[in-house]
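Residue numbers (the working numbering): 1049 to 1156.
Scroll down for the structure; my scribbles are underneath it.
Structure below.
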């Protein structure tokens, strides 16, 4: 096992005026990070959801949610499943310190 794979990293989650923080391992997948971001946000709003697990979240039900990671220059990079291939490099680029913005888009 790589020595950095079990180290923890942190992400700040921003949704409108609400901010929360999550901890994750450096070997996380993009899908797991998105699920943990949702859980962190929801748990910071309503504590009764703290017992919900990542496995219980079906991302198909959250298709109107968009996730972006922000760099220090304020540029936002979309976090979609198509980023899975280069996600590990993206984490390294951000030095495992993420600011994730969550937006909701309306369905037409």
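C-beta: ideal position from N, C-alpha, C; glycine also.
Since this is a predicted model, take the numbers as computed values, not measurements.
Apart from the 5 residues on each side of it in sequence, residue 1089 sits with its Cβ closer than 6 angstroms to the Cβ of 1061, 1063, 1068 in its chain, given in chain order.
Judged by beta-carbon spacing, residue 1148 lies within the 9 angstroms limit of residue 1118, meaning their Cβ atoms are closer than that value. Residue environment for residue 1076: buried (at least 16 other C-beta atoms within 10 angstroms of its C-beta).
Around the Cβ of residue 1141, a 10 Å sphere holds fewer than 16 other Cβ atoms; the residue is exposed.
Between the alpha carbons of residue 1139 and residue 1080 lies a distance of about 13 angstroms. Residue 1144 places its beta carbon less than 9 angstroms from that of residue 1055.
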